[in-house]
Amino acid sequence: MASGLISTMSSPVPNPTANVTRRGFVQLTFGWLAGAFATAASLAGAVRFLIPNVLYEPSLRFKAGRPEDYPDGSVTFLEEERVFLIRKGNTYRCLSATCTHLGCTVDRADSGYHCPCHGSVFDDMGVVKGGPAPRALEWFLVTLSKDSRLLVDKSQTVASDKYLVT
Amino acid sequence: MNTPLPKQLWQRFQRSVMGRSIFRVGLPDSKLERAQAMVSSFLLHVQPAKTHRHSLQPGYSLGLGLISLYLFFLLVGTGVLLMFYYVPSTEHAYDAMKDLQYVVSAGLLIRNMHRWAAHLMVLFVMLHLCRVFYTGAYKRPREFNWVIGVTLFLLTLGLSFTGYLLPWDQLAFWAITVGTNIAGYAPVVGPKLKYLMLGGNTVGQEALVRFYALHVIVLPGIAGLLMAIHLWRVRKDGGLSRPDEPGEVVEQTELGRLPGNKTYGLMELARGTTPQVGVDPEDLVLSWPHLIFREMLLFLLVVTVLLFLAIFWNAPLEEMANVVHPPNPAKAPWYFLGLQELVSYSALWGGVIVPGLLVAVLVLLPYLDRNRQGVGRWFARERVIANTIFSVCLVVAIILTIIGTCFRGPNWSWQEPWKQPPPHSEGH
Numbered sequence: 004m005a006s007g008l009i010s011t012m013s014s015p016v017p018n019p020t021a022n023v024t025r026r027g028f029v030q031l032t033f034g035w036l037a038g039a040f041a042t043a044a045s046l047a048g049a050v051r052f053l054i055p056n057v058l059y060e061p062s063l064r065f066k067a068g069r070p071e072d073y074p075d076g077s078v079t080f081l082e083e084e085r086v087f088l089i090r091k092g093n094t095y096r097c098l099s100a101t102c103t104h105l106g107c108t109v110d111r112a113d114s115g116y117h118c119p120c121h122g123s124v125f126d127d128m129g130v131v132k133g134g135p136a137p138r139a140l141e142w143f144l145v146t147l148s149k150d151s152r153l154l155v156d157k158s159q160t161v162a163s164d165k166y167l168v169t
Numbered sequence: 167m168n169t170p171l172p173k174q175l176w177q178r179f180q181r182s183v184m185g186r187s188i189f190r191v192g193l194p195d196s197k198l199e200r201a202q203a204m205v206s207s208f209l210l211h212v213q214p215a216k217t218h219r220h221s222l223q224p225g226y227s228l229g230l231g232l233i234s235l236y237l238f239f240l241l242v243g244t245g246v247l248l249m250f251y252y253v254p255s256t257e258h259a260y261d262a263m264k265d266l267q268y269v270v271s272a273g274l275l276i277r278n279m280h281r282w283a284a285h286l287m288v289l290f291v292m293l294h295l296c297r298v299f300y301t302g303a304y305k306r307p308r309e310f311n312w313v314i315g316v317t318l319f320l321l322t323l324g325l326s327f328t329g330y331l332l333p334w335d336q337l338a339f340w341a342i343t344v345g346t347n348i349a350g351y352a353p354v355v356g357p358k359l360k361y362l363m364l365g366g367n368t369v370g371q372e373a374l375v376r377f378y379a380l381h382v383i384v385l386p387g388i389a390g391l392l393m394a395i396h397l398w399r400v401r402k403d404g405g406l407s408r409p410d411e412p413g414e415v416v417e418q419t420e421l422g423r424l425p426g427n428k429t430y431g432l433m434e435l436a437r438g439t440t441p442q443v444g445v446d447p448e449d450l451v452l453s454w455p456h457l458i459f460r461e462m463l464l465f466l467l468v469v470t471v472l473l474f475l476a477i478f479w480n481a482p483l484e485e486m487a488n489v490v491h492p493p494n495p496a497k498a499p500w501y502f503l504g505l506q507e508l509v510s511y512s513a514l515w516g517g518v519i520v521p522g523l524l525v526a527v528l529v530l531l532p533y534l535d536r537n538r539q540g541v542g543r544w545f546a547r548e549r550v551i552a553n554t555i556f557s558v559c560l561v562v563a564i565i566l567t568i569i570g571t572c573f574r575g576p577n578w579s580w581q582e583p584w585k586q587p588p589p590h591s592e593g594h
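The following block contains the structure:
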């Protein structure tokens with residue numbers, strides 16, 4: 004065994020391209036390409052399989068009741084949707100309660116909001132006043148539905164100076 | 167001399183047709199039979215017929231890798247038992263935990279054992295990694311086995327993390343919310359990765375099923391396979407690392423320098439090297455009984471400690487997961503608290519960049535550290551620079567973990583553990 008090994012090792016290194024015919028080259032190339040394609044396709048298919056097409060989550064658009072349900076100057080936490088509904092006079096706005104840091108639910112503080120997980124602090128306008136949060140809390144689009152209910156769309160964020168006037 | 171009765175019975179069974187067909191060698195007496203016993207048994211042949219004395223010194227390896235392996239076995243055993251009652255559904259998971267605690271016979275004990283074994287496995291895999299570093303055991307030819315080992319360490323963390331969600335209590339829900347959001351900070355693929363992990367936008371039923379599948383089959387399957395390769399490579403690289411022996415026969419041949427410190431079992435023939443025929447390697451002892459006995463003793467020790475922990479300390483179970491109110495403070499398991507402390511300064515730096523770089527350096531370590539000196543000894547003087555860098559990183563990690571564990575109170579604010587937390591109003 005050992006002597007056989009030595010004789011192979013001491014012979015000159017064979018040129019790997021010397022014995023490749025045109026047919027062999029084509030066969031090798033297409034063989035490997037087909038194999039690579041099949042592997043890549045199966046992997047892509049498996050990943051696509053894991054991306055859900057239907058979500059059984061609460062809808063991102065929801066009705067939040069009648070405008071007059073909210074007293075003037077109130078900040079109301081909607082548990083299901085994890086948002087604050089804010090009324091000032093006849094203006095209505097909706098502020099996300101999901102911390103922009105790591106997704107915990109922020110609490111209403113005396114002035115502004117704070118996140119219990121890592122201590123981010125936001126002012127009344129959702130602007131970061133302290134802690135690790137990288138961005139301000141998001142404002143969601145509030146419109147009025149045909150049956151005069153507040154309609155919040157969490158898939159659409161708006162600038163902090165946009166609000167619904169009734 | 168009188169042969170004890172159990173041994174007499176055993177020997178009689180062994181001489182029977184059935185006994186001989188099952189145990190080819192049986193309880194070995196002579197040296198030849200002891201070697202044959204190791205080679206002829208499927209379960210024993212994973213190990214060499216002879217073991218180097220250096221590998222048997224408890225002070226060298228401390229048995230850390232073996233303890234991790236035993237804990238993995240115990241986790242599979244208790245985990246399979248738990249699967250008979252657990253239901254991966256947001257409606258039933260928490261009830262199943264309560265059943266295990268209060269209704270199922272020995273349910274509490276099995277769950278406690280699973281929980282403690284999981285914590286211990288993370289701890290011992292970490293310690294094993296430190297041992298391999300401080301003894302320079304990752305150097306040639308064991309570089310790639312170190313890479314496999316680091317992968318196994320990450321898989322251990324992944325197993326623990328996925329298992330963390332399954333009880334569906336407050337601890338589980340918010341730890342996973344925080345953890346998956348950290349993954350969401352990864353550049354380019356972050357948000358997509360988070361969506362894929364959760365099977366949606368929030369931690370819910372889909373996330374629970376996904377974590378369950380990962381926890382009970384995908385990750386243990388991969389980890390089991392890698393463990394087999396890890397152990398096989400330890401064998402093929404000549405057992406545990408040890409210093410070069412003085413005065414060893416090292417010949418210069420056409421094949422190059424022959425490694426002098428390899429051991430060969432009865433049936434081994436490694437490709438590319440030549441066994442030193444006629445040279446009887448020194449300092450080898452028969453694995454039966456010297457290695458086997460120590461291994462069984464260590465297993466008993468591990469089971470004893472685990473049972474002790476499981477009997478006297480219950481695994482925590484908080485209130486059922488509440489999507490609206492995170493506990494204050496919301497804390498990850500202890501081995502992630504160093505990371506969470508970093509994340510509280512900056513999610514991108516603390517959650518992605520720093521740990522990402524650390525893992526990359528850890529994986530590439532054997533290819534970065536080209537120093538060939540100081541293999542097989544603890545804290546070798548030749549490796550003082552590498553050891554110092556590693557120790558500094560280790561101490562920083564430990565300090566961050568201690569801060570995250572003991573010094574963080576409500577709102578993640580600084581809180582000395584010996585002082586009462588300030589009166590805290592929830593505000594709702």
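Protein chains in written order, with the working numbering: chain A, 4 to 169; chain B, 167 to 594.
Quick reminder that beta carbons are idealized off the backbone N, C-alpha and C, glycines included.
In whole angstroms, what separates the C-alpha of residue i from that of residue j?
i, j, result
"G229 (chain B)", "W500 (chain B)", "23 Å"
"I213 (chain B)", "T169 (chain B)", "Before going further, note that residue 213 (chain B) is Gln rather than Ile in the sequence given. Their Cα atoms are separated by approximately 29 Å."
"V529 (chain B)", "Y268 (chain B)", "44 Å"
"W334 (chain B)", "A136 (chain A)", "26 Å"
"S557 (chain B)", "I564 (chain B)", "10 Å"
"V445 (chain B)", "L452 (chain B)", "Note on V445 (chain B): pLDDT 45, under 50, position unreliable in the model; the coordinate value appears next. Rounded to the nearest angstrom, the two C-alpha atoms are 17 Å apart."
"Y166 (chain A)", "S77 (chain A)", "15 Å"
"T322 (chain B)", "M292 (chain B)", "10 Å"
"Q581 (chain B)", "P70 (chain A)", "43 Å"
"T32 (chain A)", "A41 (chain A)", "14 Å"
"F239 (chain B)", "L232 (chain B)", "11 Å"
"V168 (chain A)", "G68 (chain A)", "15 Å"
"M486 (chain B)", "A259 (chain B)", "10 Å"
"G225 (chain B)", "T317 (chain B)", "26 Å"
"W454 (chain B)", "L391 (chain B)", "26 Å"
"W515 (chain B)", "L337 (chain B)", "24 Å"
"G106 (chain A)", "P353 (chain B)", "17 Å"
"E548 (chain B)", "L397 (chain B)", "28 Å"
"G273 (chain B)", "L524 (chain B)", "39 Å"
"G38 (chain A)", "A47 (chain A)", "14 Å"
"A546 (chain B)", "V298 (chain B)", "12 Å"
"L198 (chain B)", "S206 (chain B)", "12 Å"
"L140 (chain A)", "A49 (chain A)", "36 Å"
"L466 (chain B)", "P576 (chain B)", "42 Å"
On a Cα-Cα basis, can you pick out the residue from the options that is closest to residue i?
i, options, result
"V109 (chain A)", "A:F125, A:L58, A:P55", "A:F125"
"T470 (chain B)", "B:D410, B:Q506, B:H491, B:M279", "B:M279"
"K402 (chain B)", "B:R308, B:V489, B:F465", "B:R308"
"H220 (chain B)", "B:T567, B:W312, B:T554, B:V541", "B:V541"
"I568 (chain B)", "B:F502, B:L514, B:V550", "B:F502"
"S227 (chain B)", "B:M287, B:A303, B:M204", "B:A303"
"I383 (chain B)", "B:L531, B:G504, B:L325, B:Q539", "B:L325"
"E3 (chain A)", "A:F52, A:F143, A:L36", "As displayed, chain A neither begins before 4 nor continues past 169, which places residue 3 (chain A) out of reach and without an answer."
"E507 (chain B)", "B:R399, B:H218, B:F377, B:R574", "B:R574"
"T103 (chain A)", "A:L147, A:D75, A:K132", "A:K132"
For residue i, which beta-bridge partners are listed by DSSP?
i, result
"L144 (chain A)", "A:D156"
"D335 (chain B)", "B:M486"
"I89 (chain A)", "A:V78, A:R96"
"K2 (chain A)", "Outside the shown range of chain A (4 to 169) lies residue 2 (chain A), about which nothing can therefore be said."
"V384 (chain B)", "Answer by DSSP bridge pairing: none, since V384 (chain B) is not bridged."
"H218 (chain B)", "B:L450"
"H294 (chain B)", "According to DSSP, H294 (chain B) bridges with nothing at all."
"W580 (chain B)", "B:R574"
"G133 (chain A)", "A:V124"
"T108 (chain A)", "A:T101"
"L167 (chain A)", "A:Y95"
Below 8 Å on the Cβ atoms is my guess for residue i versus residue j; work out the distance and round it to an integer in Å.
i, j, result
"V161 (chain A)", "F65 (chain A)", "With a Cβ gap of about 16 Å, V161 (chain A) and F65 (chain A) do not count as contacting."
"A100 (chain A)", "F80 (chain A)", "7 Å"
"T301 (chain B)", "W544 (chain B)", "6 Å"
"Y351 (chain B)", "A513 (chain B)", "5 Å"
"Y236 (chain B)", "V490 (chain B)", "Contact doesn't hold; Cβ gap of about 42 Å is too wide."
Can you pull the chain E residues whose beta carbon is under 7 Å from the beta carbon of residue i, in chain order?
i, result
"L53 (chain A)", "The displayed structure is made up of protein chains A and B, and chain E is not among them."
Should the segment 112-127 of chain A be called in touch with the segment 350-361 of chain B, which here means at least 3 C-beta pairs below 8 Å? no
Using a Cβ distance threshold of 8 Å, determine whether the segment 251-266 of chain B contacts the segment 395-407 of chain B, with at least three qualifying pairs required. no
Can you find at least 3 beta carbon pairs, one from the segment 339-349 of chain B and one from the segment 324-331 of chain B, that sit closer than 8 Å? yes
Is the segment 362-370 of chain B touching the segment 51-70 of chain A, taking contact as three or more C-beta pairs under 8 Å? yes
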